[in-house]
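>
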Amino acid sequence: MDGSVNIIALMKDGERFVFVFDEESSPQLLQTLGHYAADPEMNFTWYDAAVLSQKVRRLQSQSLAANEKPFRRSA
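In our numbering, the protein residues as written are 826 to 900.
1) Is it right to say residue 889 is buried, meaning 16 or more other beta carbons lie within 10 angstroms of its own, or is it exposed?
2) Smallest Cα separation from residue 875: which of 861, 847 and 830?
3) Note down the Cα distance separating residue 842 from residue 870, rounded to an integer number of angstroms.
4) Determine the DSSP secondary structure at residue 843, reduced to helix, strand or coil.
5) Take residue 845 and list the residues in its own chain whose beta-carbon comes closer than 8 Å to its own, dropping the five residues that flank it on each side.
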């Protein structure tokens, strides 16, 4: 882990859903999004969860790409 923190947010009908996470906690965040979507008391839909999940996965892949080092073959 490089110590970076990610923030994603959803503003909907006057409510704000803000999630702060690092690389290690992203699986837990994905579960939380599902729990929020399944809760009929919350103004958070499965569509909202899907959109934010895509953003989390995009950030994960960008982080992986940034951490990859080019492979060099010795001569």
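Just so it is clear, CB atoms sit at the ideal spot from N, CA and C, and this is done for glycine as well.
According to the structure data:
1) exposed
2) Checking every option, the nearest Cα to that of residue 875 belongs to 861.
3) 12 Å
4) In the structure shown, residue 843 adopts extended strand secondary structure according to DSSP, grouped into three states.
5) 830, 831 and 832
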